[in-house]
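Here is the structure we will look at.
Here you go:
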């Protein structure tokens, strides 16, 4: 598809969480309808969507009907089973494409891909078995983090090694899943670049934001990040390099460590990203609309930052603070309408704006 | 209801057009679900709502089921049949309340109400019949506008009288509907104040915007309006006076003529208003969220204006300009997802921002 998606077309979204929800609202703002595919009942995105299919990713009939009802299909998470993508691809265009998913679904593939592009990544080693682990203690060493190669998010499927004595316990934590050992980077801070690329190759990056995590979950993103002008340029250029190499279509989040002034690529996410939520109140066109524009083949929008923003996630009991937050000046609330509050669950976020 | 509406509650919206659509998105952002009631099929609001009831305002069963499914019911237009409101009121709270609808559904009642509040309105006369028209030629005279007392919008149900010779033709245009003759105000410009009032009596006004109409339909709203500081204060105070007198809950649009420095109340709309669309890109909390906050008994949000904005409606063939508008800097597109483009139909709007 090279022609722009016509007004009134239907965009399919795999995943009905908060990212799908905010994508659906952005798509509606441009005159598109959204169809959500989500195994779980009462998905947050379902409250703002044209249609919802509740079915598993193994349900070939449901996937087929869904794909036939959509003009283009996108996703809010990267761990989509390959078999589901195969079914969808027979009937509808998938954007971003399969290559970005292939690379980002596997931490080892991703690290090799980034390294082959000439980018700096943390020291890493493939850990298929205990013997590899013993060897990796000599190359990567400690402190380091053992991670499952696939299906990790928000700090899950990870074990920290402070000393080589932690290796056995960490390996046991992986429960025989293929893993990768990553050298711990003693970074000064972390930033992320949210970037979009359209089918014609145009790339637009939002200003880098600075991330703070708590318990392995993003806590705040602050713009502007503490980057020098040269670092900001470098961050944007290396991000564009990744998107161009993948011939990527859509929005991608790229997390970078800043260590001794150097930019080290931590990971890429082939989708809208939690660290880009500040764009909703800091830019004319936010990351969600930018993603929709890209996958629809529309011109990318004006993502110039017009305010300083601190985005803070509302996680679990943070929801008790909503009444106070609702009263605060220069504060935009974004709640996800999730029925149940659980510890560690992302329930909403707040953007605090200063000009 | 004095307690704030709990998260996850359902808000009913009578009317599924663009105003209902944008209200529904704002409600979702605060964690509420929206249920749209609309006689027409494929309502624009249906694409971003939790539930849709397609039924007529005469359908008592459908209205009852709808009302029972909602925690509070609001509306996107003022011409709701009284009988429908009676059915809903038996099962759900209606906000804004019936008094605001009673006053604003009838131009004569509205004019009298505003005059009784000590506000300035254009000269007017009740025109129940031809004899009253003859008499009104001596009191109101010409130029003037004959309007049906009820069910007019976007310039419909109106006839202009340049000279007394136009009286018979204008009366015939009314097709025996009760009418009101309004003296034509030779105004310098028109502004509107979008204001919100919560159940506890707190009032918040957005900055007045300056309106330009074409063919009886709003064309642009520009903020800031060309008002002196004193005029701006007066506009806000008189608006608050109306909301307080009505013990109003929700957002109201108040249109004012500025003539020789004087503020003349043209009309009030007990709902979010087209001339308030600029708030989507000019304020942290827009008129739609402000309305939801008010009817939910939440604290009103921060509606401080942080940019200059020109809102332009996209009407009918203006949609041909969407590809160019999508490329423009500092320009936010808001499309309504209407299936068919017709002359005079509001298809979307664009907010052009400058800082």
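Protein chains in written order, with the numbering used here: chain H, 10 to 364; chain V, 10 to 364. Backbone N, C-alpha and C fix where the C-beta goes; we use that ideal spot for every residue, glycine too.
Minimum Cα-Cα distance from residue 127 of chain V among the listed residues V:303, V:95 and V:251 corresponds to V:251. For residue 361 of chain H, the uninterrupted beta strand (DSSP E) segment begins and ends at 355-363. The C-beta distance from residue 14 of chain H to residue 278 of chain H rounds to 23 Å, too long to fall under 8 Å, and the pair is not in contact.
Cβ-Cβ distances below 8 Å link residue 72 of chain V to 46, 64, 66, 93, 96 and 97 in the same chain, with the five nearest sequence neighbours on each side left out; the list follows chain order. Taking each of H:225, H:303 and H:56 in turn and checking the Cα distance to residue 209 of chain H, the smallest one comes out for H:303. Within chain V, the C-beta atoms nearer than 7 Å to that of residue 57 of chain H come from 34, 37 and 57, in chain order. In this structure, the CA atom of residue 22 of chain V is about 27 Å from the CA atom of residue 24 of chain H. Sequence-ordered contacts of the segment 265-293 of chain H with chain V read 290 and 293 [C-beta pairs closer than 9 Å].
In this structure residue 201 of chain H touches residue 263 of chain H by the C-beta definition: roughly 6 Å separates them, less than 8 Å.
Under the three-state reduction of DSSP output, residue 44 of chain V falls in the strand class.
Of the other Cβ atoms in all chains shown, fewer than 16 fall within 10 Å of the Cβ of residue 77 of chain H; this residue is therefore exposed. Contact between residue 115 of chain H and residue 19 of chain H is absent: CB atoms are separated by about 31 Å, not below the 8 Å threshold. Under a criterion of Cβ atoms nearer than 7 Å, the residues of chain V adjacent to residue 308 of chain H are, in order, 335 and 336.
Residue 205 of chain H has a beta carbon lying at 9 Å or more from every beta carbon in chain V. With contacts defined by Cβ atoms closer than 9 Å, residue 335 of chain H and residue 207 of chain V do not form a contacting pair.
Nearest C-alpha to residue 301 of chain H among H:52, H:82, H:74 and H:49: H:82. Within the DSSP secondary-structure output, residue 343 of chain H pairs in a beta bridge with H:358.
Beta-bridge partners assigned by DSSP to residue 206 of chain V: V:212 and V:259.
The alpha-carbon of residue 308 of chain V is positioned some 20 Å away from that of residue 291 of chain V. Rounded to the nearest whole angstrom, the C-alpha separation of residue 169 of chain V and residue 52 of chain V is 33 Å. Using a Cβ distance threshold of 9 Å, residue 32 of chain V and residue 54 of chain V count as a contacting pair. Cβ neighbours of residue 103 of chain V within its own chain (closer than 7 Å, five residues either side excluded): 82, 94 and 97. Interface flag for residue 263 of chain H against chain V is unset, since no Cβ pair is found closer than 9 Å. Against chain H, the CB of residue 78 of chain V has no partner CB under 9 Å away; the residue lies outside that interface.
Taken in chain order, the unbroken stretches of beta strand (DSSP E) that lie wholly in the segment 232-306 of chain H and span 3 residues or more are 259-268 and 271-278.
Assigned with DSSP and collapsed to three states, residue 38 of chain V falls in helix.
With a contact defined as Cβ atoms closer than 8 Å, residue 28 of chain V and residue 40 of chain H miss out at about 16 Å. In this structure the segment 351-362 of chain V touches the segment 319-329 of chain V; the number of beta carbon pairs closer than 8 Å is three or more.
Listed by position along chain H, the residues whose Cβ is nearer than 8 Å to that of residue 29 of chain V form an empty set, because the closest Cβ is around 12 Å away.
Taken in chain order, the complete beta strand (DSSP E) segments of 3 residues or longer contained in the segment 21-95 of chain H are 42-47, 60-63 and 81-84. Chain H has a Cβ within less than 9 Å of the Cβ of residue 13 of chain V. Nearest to residue 117 of chain V by alpha-carbon distance, out of V:234, V:186, V:143 and V:236, is V:186. Residue pairing by DSSP places residue 196 of chain V opposite no residue, since no beta bridge is assigned to it. With fewer than three CB-CB distances shorter than 8 Å, the segment 229-247 of chain H does not count as touching the segment 170-181 of chain H.
Separation of the CB atoms of residue 130 of chain V and residue 274 of chain V is rounded to 5 Å, and the pair is thereby assigned contact status at 8 Å. Going by DSSP, residue 157 of chain H is part of the beta strand (DSSP E) stretching over 153-157.
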